[in-house]
Amino acid sequence: MLGVPSAAGRTKIAAAVEAAQQFVSLLRLADNPSAPGDRVAVVGFNDTAWIERVLTDSAPEAYAALSALGPKVADGTRLDLALAIARQAITSGSDRPGNRRVVVLLTDGLPNRVPPAEDGRPETTILRAADALKADRILVHTIGLGGAGDIDAALLRSVASGPADYHEVPDAEELAAMYRSIAASVGVCPDD
Numbered sequence: 390m391l392g393v394p395s396a397a398g399r400t401k402i403a404a405a406v407e408a409a410q411q412f413v414s415l416l417r418l419a420d421n422p423s424a425p426g427d428r429v430a431v432v433g434f435n436d437t438a439w440i441e442r443v444l445t446d447s448a449p450e451a452y453a454a455l456s457a458l459g460p461k462v463a464d465g466t467r468l469d470l471a472l473a474i475a476r477q478a479i480t481s482g483s484d485r486p487g488n489r490r491v492v493v494l495l496t497d498g499l500p501n502r503v504p505p506a507e508d509g510r511p512e513t514t515i516l517r518a519a520d521a522l523k524a525d526r527i528l529v530h531t532i533g534l535g536g537a538g539d540i541d542a543a544l545l546r547s548v549a550s551g552p553a554d555y556h557e558v559p560d561a562e563e564l565a566a567m568y569r570s571i572a573a574s575v576g577v578c579p580d581d
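Per the numbering used here, the very first residue in the sequence shown carries number 390; after that it's consecutive.
1. Just to confirm, is the Cβ distance from lysine 401 to leucine 534 under 8 Å?
2. Below 8 Å between beta carbons: does that hold for serine 550 and lysine 523?
3. Return the CA-CA distance between tryptophan 439 and alanine 573, expressed in angstroms with no decimal places.
4. Pull up the CB-CB distance for arginine 517 and glycine 465, whole angstroms please, since I reckon it's below 8 Å.
5. According to the Cβ coordinates, are alanine 405 and alanine 561 closer than 8 Å?
6. Could you check where the alpha helix (DSSP H) with threonine 513 kicks off and where it finishes?
7. Measuring CA to CA, which of Thr480, Ala478, Asp497 is closest to aspartate 539?
8. At a cut of 8 Å, does the region 450 to 464 reach the region 485 to 494 through at least three beta carbon pairs?
9. Which residue comes first and which comes last in the alpha helix (DSSP H) that contains leucine 499?
10. If you measure between the beta carbons of isoleucine 532 and valine 558, is that distance less than 8 Å?
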């Protein structure tokens, strides 16, 4: 669904990448002289999941990794793999004192191709992956991009660390504002 046009006529993926790059620009990376110390990793997912960029303190590296996601858009919404790979991306690096560990999961689709747990429910598989993140003291924000029928809002609320950590955005053009709000909530930038 990321290939579907936004309200401004751009593809969802183009708007999503630009918004995520704006989010990266708010971080205190090595390129940001105000107070370097943050790091960011970029994870992509569809029918599989992968680390596009390991933890870095370089904004240009993060921008390039985000741009590289566009051509990799494919069918599949393996939220379980996305969460597991995000956990790997964060926990494989050493922690920096004072840094908060945060995952922002953006999806515009209903989870599919997720293997069911022993209870027969794929949702259980996804929630276990989310619980593993939370057990590692990683704050999980979820963003559902789309309207009713496009996303599983109840599941994304359960994946998020708390009720205020689930965000619904009907149109991709609204993502930049949502990312700014998330950045403010985790103390990255002032809330305007």
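Cβ coordinates follow ideal geometry from the N, Cα and C atoms, glycine included.
Small disclaimer: the values here were computed from a predicted structure and weren't measured.
Working from what's here:
1. For the purposes of this step, residue 401 is taken as the residue at position 12 of the sequence shown. For the purposes of this step, residue 534 is taken as the residue at position 145 of the sequence shown. Taking 8 Å as the Cβ cut-off, lysine 401 and leucine 534 qualify as a contacting pair.
2. For the purposes of this step, residue 550 is taken as the residue at position 161 of the sequence shown. For the purposes of this step, residue 523 is taken as the residue at position 134 of the sequence shown. Contact: yes.
3. Your numbering for residue 439 matches position 50 in the sequence shown. Your numbering for residue 573 matches position 184 in the sequence shown. One C-alpha to the other measures close to 27 Å.
4. Along the sequence shown, one-based indexing puts residue 517 at 128. Along the sequence shown, one-based indexing puts residue 465 at 76. No, arginine 517 and glycine 465 are not in contact; Cβ-Cβ is about 19 Å, not under 8 Å.
5. Within the sequence shown, residue 405 is the residue found at index 16, counting from 1. Within the sequence shown, residue 561 is the residue found at index 172, counting from 1. Contact: yes.
6. In the sequence shown, residue 513 corresponds to position 124, counting from 1. 511 to 524 is the span of the alpha helix (DSSP H), which, as asked, contains threonine 513.
7. On the sequence shown, position 150 is the one that residue 539 refers to. Answer by Cα proximity: Asp497.
8. no
9. Numbered from its first residue, the sequence shown carries residue 499 at position 110. Run containing leucine 499: none; DSSP gives neither H nor E here.
10. The residue labelled residue 532 in the question sits at position 143 within the sequence shown. The residue labelled residue 558 in the question sits at position 169 within the sequence shown. Cβ distance < 8 Å, so isoleucine 532 and valine 558 count as in contact.
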